[in-house]
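Working notes for the structure below.
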Amino acid sequence: MWKGLAAPPVRVARGRQNRGVPSPASAGKASRAPTREPGISWYPGHGVRATLGMLRFMSNAQAIGSVLAVVPLLLAASSRPGLAQSAGRREPDSTLQLAFTFDDLPAHGPLPPGETRMEVISKILTALTRARLPPTYGFVNAQWTESEPDKIAVLRAWRAAGHPLGNHTWSHMNLDANPLEAFEGDIARNEPLVSQLMQGGDWHWFRFPFLVEGNTQEKKNGIRAYLRNHGYRIAAVTMSFADYAWNEPYARCKTREDQKSIRLLEDTYLRAAEASAEYSREMSKRLFHRDIPYVLLMHVGAFDAEMLPRLLEVYRRQGFRFVTLEQAEQDAFYANDVDLRLPASADTLEHALSERGLPLPARPSPARSPDTVCR
Ligand SMILES: [Zn+2]
1 MWKGLAAPPV
11 RVARGRQNRG
21 VPSPASAGKA
31 SRAPTREPGI
41 SWYPGHGVRA
51 TLGMLRFMSN
61 AQAIGSVLAV
71 VPLLLAASSR
81 PGLAQSAGRR
91 EPDSTLQLAF
101 TFDDLPAHGP
111 LPPGETRMEV
121 ISKILTALTR
131 ARLPPTYGFV
141 NAQWTESEPD
151 KIAVLRAWRA
161 AGHPLGNHTW
171 SHMNLDANPL
181 EAFEGDIARN
191 EPLVSQLMQG
201 GDWHWFRFPF
211 LVEGNTQEKK
221 NGIRAYLRNH
231 GYRIAAVTMS
241 FADYAWNEPY
251 ARCKTREDQK
261 SIRLLEDTYL
271 RAAEASAEYS
281 REMSKRLFHR
291 DIPYVLLMHV
301 GAFDAEMLPR
311 LLEVYRRQGF
321 RFVTLEQAEQ
331 DAFYANDVDL
341 RLPASADTLE
351 HALSERGLPL
361 PARPSPARSP
371 DTVCR
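The sequence shown runs 1 to 375 under the working numbering.
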């Protein structure tokens, strides 16, 4: 299913301000990214929203180059020389940290002909191992294992490779579209399988489906109270390039055996990732004059699996060091996600920028929308 935004607005954490810590930063949390779910349960309406989002994404077709060109200048103009120095560098930088997370285990998006979910997850796990990523959270919707029990093998493979699992609700439920009580029930229903597979490990990390945290204050407060009372922390998202959007066109192109179009998808995917990282970094610097540790939203789609080795290399070239979700969210920026006694507050980097009267960076956009490929 789709989250509805192709160019994810970056959601913002809100820790420091609420705690009264004097700092140029409040907190920032992440990019919302759509999700397309596997199998039978498609969520009407999200496709349209995603398409509209992608059109908006496309409207800034010149933006990537502009962002890349402007970032070093902005950094040079920063009032914090010590921090700003690290900004445009491409060599590994211990201050530049990225935590990968994967949503929608055990299955996301359509499969190309002949490919299985186990093959997809195996590719992902091999890439993570070869790149020596630390334990990487995968967020589970156990519903898919009920309709297709063999998918439990996918989750077992994830665990066997040393990676932890977290809760993404049983059915990928949208909190905004459902009563709070139903949503809480969907969280609880997901717990037996996740806890069993984790065998005592920490599975109390929660990723909101569609990255929506409640469309009323009552829901926002209610779900935070529920998660707090059940020992959860929220898995934030501070970087996303709408990776989900390439999986369906990839399946179409594979069906047609259209190699030229697949090359186009590969190119736009990697460029989108690169530009998205620059976009998140620019917003973080405008807000906080530093790089927060970023949490990247990914999905376990077939194209994601195919591209992961190259994607990891893109981030390495940009200077990122890979860390765990726990390590990233130790940053004060994520205080409201790990300490749910704190109130919910403004939740996008864009919003935080506009609240401070700071200009938004140009939004990155792919040279061509993947949605139009192999139609
Ligand atoms: Zn999801």
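Just so it is clear, CB atoms sit at the ideal spot from N, CA and C, and this is done for glycine as well. None of the values given here were measured: they were computed from a predicted structure.
Secondary structure at Gly222: helix, using DSSP grouped into helix, strand and coil. For ligand 1, no non-hydrogen atom lies closer than 7 Å to the CB of Asp291. Gln318: not part of any alpha helix (DSSP H); DSSP gives it neither H nor E.
Assignment of Gly162 by DSSP, reduced to helix, strand and coil, places it in the coil class. The DSSP assignment places 143-147 as complete runs of the alpha helix (DSSP H) inside the stretch 124-157, in order along the chain (cut-off: 4 residues). Ile292 has its alpha-carbon roughly 9 Å from the corresponding atom of Thr238.
Contact between Lys123 and Leu180 is ruled out by a C-beta separation of about 38 Å, above the 8 Å threshold.
Leaving aside the five residues that flank Phe320 on each side, the residues in its chain whose CB is nearer than 6 Å to its CB run, in chain order, Leu96 and Leu98. For the beta strand (DSSP E) assignment, the uninterrupted runs of no fewer than 3 residues enclosed by the stretch 247-303 are, from N- to C-terminal side, 294-299.
Burial of Pro209 is indicated by the presence of at least 16 other C-beta atoms within 10 angstroms of its C-beta.
Taking 7 Å as the cut-off, the C-beta of Asp304 does not count as close to any heavy atom of ligand 1. Arg228 carries a helical assignment under DSSP once its states are collapsed to helix, strand and coil. Note on Ala344: 16 or more other CB atoms within 10 angstroms of its CB, so buried under the neighbour-count rule.
Within the model, the alpha-carbon separation for Ser240 versus Gly357 is close to 24 Å. The C-alpha of Arg224 is placed about 29 Å away from the C-alpha of His289. Judged by DSSP in its simplified three-state form, Phe210 adopts helix.
Burial is judged here by how many other beta carbons sit within 10 angstroms of a residue's own beta carbon; Thr324 has at least 16 and is buried.
Annotation for Arg341: Arg228 place their beta carbon closer than 8 Å to its own, counting only its chain and skipping 5 residues before and after.
For Ala107, no alpha helix (DSSP H) segment is defined, and its DSSP state is neither H nor E. Boundaries cannot be given for Pro113, as no alpha helix (DSSP H) includes it and DSSP labels it neither H nor E.
Where Gly185 is concerned, the enclosing alpha helix (DSSP H) starts and stops at Leu180 to Met198. Using a cutoff of 7 Å, the CB of His168 counts as near ligand 1, since one of the ligand's heavy atoms is closer than that. Per DSSP, reduced to three states, the secondary structure at Leu96 is coil, with no helix or strand assignment. Counted as a single uninterrupted DSSP element, the alpha helix (DSSP H) harbouring Leu325 occupies residues Leu325 to Ala328. CA-CA distance, Tyr315 to Glu184, rounds to 36 Å. Per DSSP, Asp337 is one residue of the alpha helix (DSSP H) stretching across Ala335 to Val338. Between Asn247 and Gly301, the CB-CB gap stays under 8 Å. Taken through DSSP and simplified to helix, strand or coil, Met239 comes out as strand. DSSP lists Trp205 as the bridge partner or partners of Arg233.
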